[in-house]
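A.B. asks:
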DNA sequence: CACGTATTAGTTGTGTGCGATTTAATCGTG
DNA sequence: CACGATTAAATCGCACACAACTAATACGTG
């Protein structure tokens, strides 16, 4: 920090004072960094996040997937259709509750997990934070998310 | 932090270990928080960011605006057309370099600044960070952005 | 068990984001 | 000054994101 820097942070309309812009820019920059890696897997970034959830817990409902990713069904439905068209998962109506759709990985969906294993390391490396900074950043981001949500 | 928490952070494929997801979720949550406030101004969130830049520096080129926001012309061109259609700015070809387009606020565009004045306080309030946390978060996010941008 | 309410996915419409390409204008080097 | 390289915007195609709405199913209470 330059010692003589003014502190107009509160209520300023200057772009560079705004935490919200730092957040928005960082999010897009990180996604851009993922893009070439995920291209090789045939995934977009949101599709990759869906696959993370499914590798963790197969046969999840669209509803629970949306809760995990904080995404609406209007976002997930077309995305899941693309993953199904690409042969990574199947969508099946639950027999016990036909309102619900279970997402089940195909063989190809499971196999992709091995190829994805390198991705988090590569990204973590690119971010270049110390473990302490990484933990701190996650804590702050979760605090912001929690405070801002309702 | 729970003291006994394992540290599988490096190389984990668990969604909740990933800084990238915390970032993505926080960015969307903050944007969602802005939405009702910006609705009253007739702006979307990216449009609001454009207006922040223009209030700071009028008569900027599309190129420099893109550099400030880290957005491509393919994103900005349609967005700027909407702002022009809503009467907030005009786009004029530069006389000294006809490749370039200068963005100039209209009277209405300037007037909107007063109504937008409350927005940063309201958002800062909702985020609920201490000034120290706010500064720290901005530093970490800028570090990530810089590291990740080749 | 009938019927109003709630829940779950999906559809539609609008607005980003970005890669690839296009068009027009300017620059640089011989 | 000629002409290939570069630059600035815009266009196109695709994939999110989300609000508003719809359709189908399940639930709960009288």
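Residue numbers (full-length UniProt numbering), protein chains in the order written: chain Y, 1 to 150; chain F, 1 to 150. Where is the CB? At the ideal position from N, CA and C, for every residue including glycine. Here the structure is a predicted model, which is why all the values come from computation and not from measurement.
Once the 5 residues before and after residue 15(Y) are set aside, which same chain residues still bring their CB inside 8 Å of it?
C.D. replies: As a working note, residue 15(Y) is residue 15 in the first chain. Taken in chain order, the residues that qualify are 21.
A.B. asks: Can you tell me where the alpha helix (DSSP H) holding residue 50(Y) begins and where it ends?
C.D. replies: Here residue 50(Y) refers to the residue found at position 50 when the first chain is read from its first residue. Its alpha helix (DSSP H) spans residues 45 to 56.
A.B. asks: Report yes or no: is there a C-beta of chain F within less than 8 Å of the C-beta of residue 120(Y)?
C.D. replies: What you label residue 120(Y) is simply residue 120 of the first chain in a count that begins at 1. Taking Cβ atoms only, chain F reaches closer than 8 Å to residue 120(Y), which makes this a yes.
A.B. asks: Can you name the residues of chain Y whose CB is closer than 7 Å to the CB of residue 128(F)?
C.D. replies: Against the second chain, residue 128(F) aligns to sequence position 128. The contacting residues are 147.
A.B. asks: Could you spell out where the alpha helix (DSSP H) holding residue 72(F) opens and where it closes?
C.D. replies: Counting from 1 along the second chain, the entry for residue 72(F) is found at position 72. Segment: none, residue 72(F) is in no alpha helix (DSSP H) and carries neither H nor E.
A.B. asks: Relative to the C-alpha of residue 92(Y), which residue among 99(Y), 82(Y), 85(Y), 103(Y) is closest?
C.D. replies: Here the question's residue 92(Y) lines up with position 92 in the first chain. Among 99(Y), 82(Y), 85(Y), 103(Y), the Cα nearest to that of residue 92(Y) belongs to 103(Y).
A.B. asks: On a Cα-Cα basis, can you pick out the residue from 149(F), 34(F), 130(F) that is closest to residue 119(F)?
C.D. replies: As a position in the second chain, residue 119(F) is number 119, starting the count at 1. Nearest option by C-alpha distance: 34(F).
A.B. asks: Cβ of residue 63(F) within 8 Å of Cβ of residue 27(F)?
C.D. replies: As a first step, residue 63(F) is located in the second chain; it is residue number 63 there, counting from the start. As a first step, residue 27(F) is located in the second chain; it is residue number 27 there, counting from the start. Cβ distance not < 8 Å, so residue 63(F) and residue 27(F) don't count as in contact.
A.B. asks: Classify residue 101(F) as helix, strand or coil using the three-state DSSP reduction.
C.D. replies: Mapped onto the second chain, residue 101(F) falls at position 101. Of the three classes helix, strand and coil, the one that applies to residue 101(F) here is strand, per DSSP.
A.B. asks: So what does residue 93(Y) bridge to, in DSSP terms?
C.D. replies: Looking up residue 93(Y) in the first chain gives position 93. The partner list for residue 93(Y) (beta bridge, DSSP) reads 101(Y).
A.B. asks: Could one say the Cβ of residue 111(Y) lies closer than 8 Å to chain F's Cβ atoms, at least one of them?
C.D. replies: Start at 1 with the first residue of the first chain, and residue 111(Y) comes out as number 111. Residue 111(Y) does not count as touching chain F.
A.B. asks: Thinking C-beta only, is residue 19(F) closer than 8 Å to residue 55(Y)?
C.D. replies: Taking the first chain and counting its residues from 1, one reaches residue 55(Y) at position 55. Taking the second chain and counting its residues from 1, one reaches residue 19(F) at position 19. Contact: no.
A.B. asks: The stretch 19 to 42 of chain Y: which residues have C-beta closer than 9 Å to a C-beta of chain F, in chain order?
C.D. replies: Within the stretch 19 to 42 of chain Y, the residues whose Cβ lies closer than 9 Å to some Cβ of chain F are 19, 20, 21, 22, 23, 24, 25, 26, 27, 28, 29, 30, 31, 32, 33, 34, listed in chain order.
A.B. asks: Please state whether the Cβ-Cβ distance between residue 76(F) and residue 88(F) is less than 8 Å.
C.D. replies: Counting from one through the second chain, the residue named residue 76(F) turns up at place 76. Counting from one through the second chain, the residue named residue 88(F) turns up at place 88. For residue 76(F) and residue 88(F), no; Cβs fall outside 8 Å.
A.B. asks: Can you have a look at residue 1(Y) and say buried or exposed, based on whether 16 or more other CB atoms are within 10 angstroms of its CB?
C.D. replies: By one-based count along the first chain, residue 1(Y) stands at place 1. Low confidence applies here, because residue 1(Y) scores a pLDDT of 44, under 50, leaving its location unreliable; read the following figure in that light. Counting Cβ neighbours within 10 Å, residue 1(Y) comes out exposed, since fewer than 16 surround it.
A.B. asks: Taking just the CA atoms, how far does residue 95(Y) sit from residue 144(F)?
C.D. replies: Mapped onto the second chain, residue 144(F) falls at position 144. Mapped onto the first chain, residue 95(Y) falls at position 95. Between residue 144(F) and residue 95(Y), the C-alpha separation is close to 46 Å.
A.B. asks: According to DSSP, is residue 59(F) part of a helix, a strand, or is it coil?
C.D. replies: The count along the second chain starts at 1 and reaches residue 59(F) at position 59. DSSP places residue 59(F) in coil when its eight states are reduced to three.
A.B. asks: Got a sec, what are the start and stop residues for the alpha helix (DSSP H) residue 147(Y) sits in?
C.D. replies: Your numbering for residue 147(Y) matches position 147 in the first chain. Looking at the DSSP string, the run of the alpha helix (DSSP H) that includes residue 147(Y) is 131 to 148.
A.B. asks: When the distance is taken between beta carbons, is residue 149(Y) closer than 8 Å to residue 29(F)?
C.D. replies: Here residue 29(F) refers to the residue found at position 29 when the second chain is read from its first residue. Here residue 149(Y) refers to the residue found at position 149 when the first chain is read from its first residue. Their beta carbons are under 8 Å apart, which means residue 29(F) touches residue 149(Y) by this criterion.
A.B. asks: Hey, could you find the ends of the alpha helix (DSSP H) residue 27(F) is sitting in?
C.D. replies: In the second chain, residue 27(F) corresponds to position 27, counting from 1. Residue 27(F) -> alpha helix (DSSP H) spans 19 to 41.
A.B. asks: Using a threshold of 8 Å, state whether the C-beta atoms of residue 112(Y) and residue 58(Y) are closer than that.
C.D. replies: Taking the first chain and counting its residues from 1, one reaches residue 112(Y) at position 112. Taking the first chain and counting its residues from 1, one reaches residue 58(Y) at position 58. Against a cut-off of 8 Å, the Cβ pair of residue 58(Y) and residue 112(Y) comes out as no contact.
A.B. asks: Do you know whose CA, among 123(F), 24(F), 127(F), 80(F), lies nearest residue 61(F)'s CA?
C.D. replies: Counted from its first residue, the second chain places residue 61(F) at position 61. Closest option to residue 61(F), Cα to Cα, is 80(F).
A.B. asks: Could one say the Cβ of residue 108(Y) lies closer than 8 Å to chain F's Cβ atoms, at least one of them?
C.D. replies: For the purposes of this step, residue 108(Y) is identified with residue 108 of the first chain, where counting begins at 1. No, because no Cβ of chain F sits closer than 8 Å to the Cβ of residue 108(Y).
A.B. asks: Quick one: using the 10 Å Cβ neighbour count with 16 as the cut-off for buried, is residue 130(F) buried or exposed?
C.D. replies: The residue labelled residue 130(F) in the question sits at position 130 within the second chain. With fewer than 16 Cβ atoms within 10 Å of its Cβ, residue 130(F) is classed as exposed.
A.B. asks: Give the interface partners of residue 60(Y) over in chain F, defined as CB-CB distance under 7 Å, in chain order.
C.D. replies: Taking the first residue of the first chain as position 1, residue 60(Y) is located at position 60. Within 7 Å Cβ-Cβ: nothing; residue 60(Y) doesn't reach chain F, min ~12 Å.
A.B. asks: Give the residues of chain F in contact with residue 142(Y), contact being defined as C-beta atoms less than 7 Å apart.
C.D. replies: Walking along the first chain from the start, residue 142(Y) turns up at place 142. Within chain F, the residues near residue 142(Y) are 22.
A.B. asks: Mind checking if residue 77(F) is an interface residue toward chain Y, Cβ cutoff 8 Å exclusive?
C.D. replies: Sequence index remark: in the second chain, residue 77(F) carries index 77 (1-based). Not an interface residue.
A.B. asks: So residue 50(Y) and residue 23(Y) are supposed to be a Cβ contact under 8 Å. How far apart are they, rounded?
C.D. replies: Residue mapping note: residue 50(Y) aligns to position 50 of the first chain, counting from 1. Residue mapping note: residue 23(Y) aligns to position 23 of the first chain, counting from 1. At roughly 22 Å, the Cβ-Cβ gap does not stay under 8 Å, so residue 50(Y) and residue 23(Y) are not in contact.
A.B. asks: If you reduce the DSSP assignment to three classes, tell me which class residue 80(F) lands in.
C.D. replies: Here residue 80(F) corresponds to residue number 80 of the second chain, with the count starting at 1. If DSSP states are grouped into helix, strand and coil, residue 80(F) belongs with the helices.
A.B. asks: Need the endpoints of the alpha helix (DSSP H) that residue 121(Y) sits in, please.
C.D. replies: Counting from one through the first chain, the residue named residue 121(Y) turns up at place 121. Start and end: 118 to 127.
A.B. asks: Exposed or buried, what is residue 25(Y) when buried is set at 16 or more other beta-carbons lying within 10 Å of its beta-carbon?
C.D. replies: In the first chain, residue 25(Y) corresponds to position 25, counting from 1. So residue 25(Y) counts as buried.
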